[in-house]
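Have a look at the structure below, then the notes.
Structure below.
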């Protein structure tokens, strides 16, 4: 079980202590120590040596340094003092030496070209920057010229020369037609490295276009175009003869003479080329001939470097990247066609600007100590070394008897406080120079502990652990460990003390618990710290869940009983099929079991019990099989109950050999289910005592097997039987058997090299287990060296699983090898792994940042990429930091919180969105690597245009009465421009019926409105939005409150829309109307009217009548007063006559005489069947009946 991860400061302390013991003291990052200790200046940031600037921007020459006290800065220009204060355009940034030359008020950037150097000084010395050559980018115009048509014979070679104007940096050349269409290139027509366009042989179709050379200048982003060339090809055949164009031998078919190849570039049969180490070598051969020649490349006396060589431009160019000295020699290109071949030999000489073999490092010594500064560089020619101190040649410095110069080394003996200074090493040859600063600081610091006091470390029994005690002091203190105040130093046996002072306990036992004291001592005093170690019992599952086979719908219980240290908090969790188990309502989880009720098919699978504390954990797994309903057993054995097998017994080891042993056992009872498998497990007592591992699996038909073993393992075996019901309990362990040792046969895996700080590289690997160790004292030989250098391998022996290399340059590749070794010998040769040292913050910011506003909420960005050597790590992204400076609405407060947008990879453009419209923004860009952000670019300002507003705030709908609805709202939180008003759309709705939508427009200052209701039942839906000149913004919708009786109203409305209800209501209304008419007629008629002779149908016996056959309609007692209406107080009986005035003639024509007698014309009454069949008859119309009473 690995010990808990230490806090971050512990890793830093490891590195610190390692560096200290190695003779190079690094000042800890602890602020209290940093502020106390004096330190000479160190340059931390500077511009590149060849600094080319854009003439349209202000000039920035960077120089930053650290030291205690903080350094001051001054500059030289062309080796003379540069007085910054006398030039109004030049300023120096606060707390920095960075120069800013401002041209906003005029001036020519060319006036400031030259060589600049920065000096950082405090009372302990002076540090120098590189000599920075400042040049202003130039993109001169193409000279004007008139080009005559180029006349050439078909099949002849042709070179169109570009001759671009000299620019700084050199422009990128490409060929296009005057119509801005790219020229198609192939092995016959191609552009050379010098920019010229070569035709191996001219064809008549080459006249179809003209040819213009274009030059693109990097800084100004401009393209200049040369006047186009026009070709006139003399030929024996017209161009439109397609049969000749597709002829298999087109050249002879067109009358073009075939010829052997000749070289167009380079000329002759031999040439030479010089290239600098680390650069790219580009060799080029362009040949003419008919047919077009093929180009092949060779190196005399060897093969081309396949991992670095690649062919370009249709094999006409050979590029070898990252050239080294072994790439020098003679190369030749072979141009061939069916007519013959020629060759051109290029002699390549590899020279080298100076490069570091040993770069001088800062030297921190104690008074009286010795030390040395080494400045060793190589190059071709061999570079010379010049030493300086505080920026002055060492020869002119005051003599120092404690200092001795021996070529590339300065030796210091018996250093004193007065020896503090900053030394410069300048190594140069005709191809370049290197300048390095290294200070000598003399410190006398008594020992100090860097970790918190009285730490508590808790570990699990039998594990390996390490106690750390980071410290600092000058002279470098010695560290000793003691336990429980005992006087003997802890080292050897179960203890191992590392060079950095850490104490490792190889196997923790109960007696190792106690208080450990580390004491750091030097001549100035001592310091101590204590670590309390507590040993805890391991967490073990002693009753594991068992494999079970259950029927669907039953209940199953999986046991998991755990033994753990009572002082640790135990957590028991379950996983199903290696995923966290969701405890549903069919499951019950207890401390020592898991119960599943109503088992279903989906519950089948593997269940793992995980018992964990904050220090360790243990796992146990069982498989649950769910069966469907079983059929009736076919034999007596199937009807018997089945169970898990009994444990095997009587394990015996025989045939003992160095790498194998035979294990035999007696099977237990299978409990009515045949045994299908035996699982053999082993345990070893060195690395993981008490932990059982699966060794092998055998069929259930065997009870003896030969086991293959690893060297130097003290084995103990046990056997588990498996049938379809589950697994048996493990057998009792066998006796132990230790195999003999041997050298390791493998090496650790997952080897990595990564920087944890800018000046180190941490090498880590996965340690080997007990069966891979093969012998006692397993350790690892760690080797490393800079990649692509000829330096020898560094190596160290490590017992853990990591090692920190330092100090290292920033982000350089290393070759790493980790080899296993034990007391019997070394493992096989390890593979080489590439790692990288730590990253530092980027040194440069993106330049030429351009902002283009896309719309009211988005902008596009474009910038120039930074030089790769300034990234100082792996480029993660370009990042834009932006913030809203203010709104164009003066009264609106805005948050100026910084936001960011990242653009991963080496991109040159991106889009920032989700901005606020109508606002002033500021933006800065940085380069981001694995360490963090680099310096910020120049701040850019931009303004977003007006947009649509956000939704009005707090839109409130109230109903003060049944006649009105009151609306109120607040202005939008984000107007995003100047408000021009509000738009309100509303409509009435009642259930599923919608009214007509009404639109109202208001002024920007109006925030209230009252709506007059059309009826008290309907509700209203309101949609409100604000407007700017751009348009309407986001809308907010609210509905009017519901009235208290709305539920009743809704029910009535729903019934009223039903068809049956409408028909019923119409029938009732008609019936009431008819009854009213009958009542009116009855009350209005008087006297007796003989109608017998008028009727064709005789009266039935049921008809009531007088003896004379007349009906009596008079009712003297109930005759109504004139002008009054008759009320229906009773019901109409069946015995009364159904006849009425409407049955005789037209009711509208009936009139009365002055004496009240009826004088209307009588008509014969229709048959009853006819009357009932004609429901629409006018005689029965209620409307006409009413008219008859008028």
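Numbering (the working numbering), first residue to last: 7 to 1196.
From the three backbone atoms N, C-alpha and C, an ideal C-beta is built for every residue, glycine too.
Assigned with DSSP and collapsed to three states, residue 1006 falls in strand. One Cα belongs to residue 491, the other to residue 523, and the distance between them is close to 7 Å. Look at residue 303 here: in three-state DSSP terms it is strand. Judged by pairs of C-beta atoms under 8 Å, the region 758-771 does not touch the region 730-745, as fewer than three such pairs exist. CA-to-CA, the gap between residue 387 and residue 73 works out to about 36 Å. Listed in chain order, the beta strand (DSSP E) elements of length 3 or more contained wholly in the region 883-943 are 883-893, 905-910, 915-918, 925-934.
In the three-state reduction of the DSSP assignment, residue 463 falls in the strand class, which pools E and B. Within the same chain, and ignoring the five residues on either side of residue 440 in sequence, the residues whose Cβ sits closer than 7 Å to its Cβ are 360, 362, 383, 433. Contact between residue 650 and residue 733 holds: their C-beta atoms lie close to 7 Å from each other, under 8 Å. For a cut-off of 8 Å, the C-beta gap from residue 727 to residue 680 is around 10 Å, too long to register as a contact. Non-local C-beta neighbours of residue 746 in its own chain, meaning closer than 8 Å and more than five positions away in sequence, comprise 664, 717, 718, ordered along the chain. A residue is called buried when at least 16 other Cβ atoms come within 10 angstroms of its Cβ; residue 701 meets this threshold and is buried. Proximity to residue 1011 across 988, 762, 577 peaks at 988, based on C-alpha coordinates. The beta-carbon distance between residue 1045 and residue 1025, rounded to whole angstroms, is 6 Å. This is short enough to meet the 8 Å contact definition. DSSP lists 686 as the bridge partner or partners of residue 725. Taking all protein chains shown into account, residue 548 has fewer than 16 neighbouring C-beta atoms within 10 Å of its C-beta and is therefore exposed. Annotation for residue 1035: 952, 983, 984, 986 place their beta carbon closer than 8 Å to its own, counting only its chain and skipping 5 residues before and after. In the three-state scheme derived from DSSP, where H, G and I count as helix and E and B as strand, residue 826 is classed as strand. Going by beta carbons, residue 892 and residue 926 fall inside the 8 Å limit. Taking each of 455, 469, 461 in turn and checking the Cα distance to residue 483, the smallest one comes out for 455. As summarised for the region 483-545, the continuous beta strand (DSSP E) elements at least 3 residues long and confined to that stretch are 484-489, 501-503, 509-511, 520-528, 531-542, given in chain order. Residues of the same chain with a CB within less than 7 Å of the CB of residue 380, apart from the 5 flanking positions on each side, are 364, 366, 414, 415 in chain order. In the structure shown, residue 1068 falls within a helical segment according to DSSP collapsed to helix, strand and coil. Assigned with DSSP and collapsed to three states, residue 675 falls in coil, not helix or strand. Annotation for residue 184: no alpha helix (DSSP H) segment contains it, and DSSP assigns it neither H nor E.
Here residue 299 is near residue 342, since their CB atoms are less than 8 Å apart. The C-beta of residue 409 has 16 or more other C-beta atoms within 10 Å across all chains shown, which makes the residue buried. Fewer than three pairs of CB atoms, one per stretch, sit closer than 8 Å, so the region 752-765 makes no contact with the region 572-589. Following the DSSP letters along the chain, one finds residue 875 inside the alpha helix (DSSP H) bounded by residues 874-877. Taking every protein chain shown into account, the CB of residue 550 has 16 or more other CB atoms within 10 angstroms, so this residue is buried. In chain order, 651, 652 place their CB closer than 7 Å to the CB of residue 675, counting only its own chain and leaving out the 5 sequence neighbours on each side. If you check the CB distance, residue 422 and residue 448 come in under 8 Å. Contact between the region 197-216 and the region 165-180 is established, with three or more Cβ pairs separated by less than 8 Å. Around the beta carbon of residue 908, a 10 Å sphere encloses fewer than 16 other beta carbons of the protein chains shown; the residue is thus reported as exposed. Closest option to residue 515, judged by alpha-carbon separation, among 507, 471, 98: 471. Across the set 748, 750, 691, 749, the C-alpha of 691 shows the shortest separation from the C-alpha of residue 723.
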